[in-house]
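**Student:** Below: one structure in structure tokens.
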Amino acid sequence: MSITAQLDGVAVSTQANVYFDGRCVSHTVTFADGTRKSVGVILPAQLSFGTGAPEIMETVAGSCSVLLPGASEWQTFGPGEKFSVPGNARFEIRVEGEPYHYICHFG
Numbered sequence: 013m014s015i016t017a018q019l020d021g022v023a024v025s026t027q028a029n030v031y032f033d034g035r036c037v038s039h040t041v042t043f044a045d046g047t048r049k050s051v052g053v054i055l056p057a058q059l060s061f062g063t064g065a066p067e068i069m070e071t072v073a074g075s076c077s078v079l080l081p082g083a084s085e086w087q088t089f090g091p092g093e094k095f096s097v098p099g100n101a102r103f104e105i106r107v108e109g110e111p112y113h114y115i116c117h118f119g
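Residue numbers (my numbering): 13 to 119.
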């Protein structure tokens with residue numbers, strides 16, 4: 013498992029995306045080719061997210077459990093692991109203990 017430690021050659025939005033009363037905070041990064049990702053952290057909580065485009069969530073640090081669309085059981089992901097969420101869907105994420113650090117790859 014490989015963990016992305018650094019994103020090179022990007023523009024970073026200086027204004028944070030703040031969700032759920034500050035329990036999820038991210039920054040948008042844009043690559044030279046126009047590709048966008050977000051880099052963020054989720055504090056301990058159970059949250060429900062909706063997607064527009066498909067997303068791949070890459071775990072950088074901490075861990076989370078997710079209930080993906082159509083699933084009946086929670087799955088747990090740790091550093092170096094990824095999970096995919098289809099576009100126009102909802103999923104549940106649960107973080108316990110340490111904050112969950114992630115990179116969200118869109119599309």
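Don't be surprised by glycine CBs; every beta carbon is placed ideally from N, CA and C.
A quick note: this is a predicted structure, and the numbers were derived from the prediction, not measured.
Taking the C-alpha atoms as reference points, what is the distance between threonine 40 and histidine 117?
**Tutor:** The residue given as residue 40 occupies position 28 in the sequence shown. The residue given as residue 117 occupies position 105 in the sequence shown. If you take the alpha carbons of threonine 40 and histidine 117, they lie about 10 Å apart.
**Student:** What residue from Lys49, Tyr31, Val97 has the CA that sits closest to alanine 83's CA?
**Tutor:** The residue given as residue 83 occupies position 71 in the sequence shown. It is Val97.
**Student:** Taking all protein chains shown into account, decide if methionine 13 is buried (16 or more other Cβ within 10 angstroms of its Cβ) or exposed.
**Tutor:** As a position in the sequence shown, residue 13 is number 1, starting the count at 1. When all chains shown are included, methionine 13 counts as exposed.
**Student:** Out of Gly74, Ser25, Trp86, Gly62, state which residue places its alpha-carbon closest to the alpha-carbon of phenylalanine 43.
**Tutor:** Numbered from its first residue, the sequence shown carries residue 43 at position 31. Ranking the options by Cα distance to phenylalanine 43, first place goes to Ser25.
**Student:** If you compare alpha carbons, which of Thr16, Phe32, Gly74, Gly21 is closest to valine 107?
**Tutor:** Looking up residue 107 in the sequence shown gives position 95. Ranking the options by Cα distance to valine 107, first place goes to Gly74.
**Student:** From threonine 88 to cysteine 76, what distance separates their C-alpha atoms?
**Tutor:** On the sequence shown, residue 88 is found 76 positions in, with the first residue counted as 1. On the sequence shown, residue 76 is found 64 positions in, with the first residue counted as 1. Rounded to the nearest angstrom, the two C-alpha atoms are 6 Å apart.
**Student:** What number of angstroms, rounded off, separates the C-alpha of glycine 90 from the C-alpha of proline 81?
**Tutor:** Taking the first residue of the sequence shown as 1, we reach residue 90 at position 78. Taking the first residue of the sequence shown as 1, we reach residue 81 at position 69. Whole-angstrom Cα-Cα distance: 20 Å.
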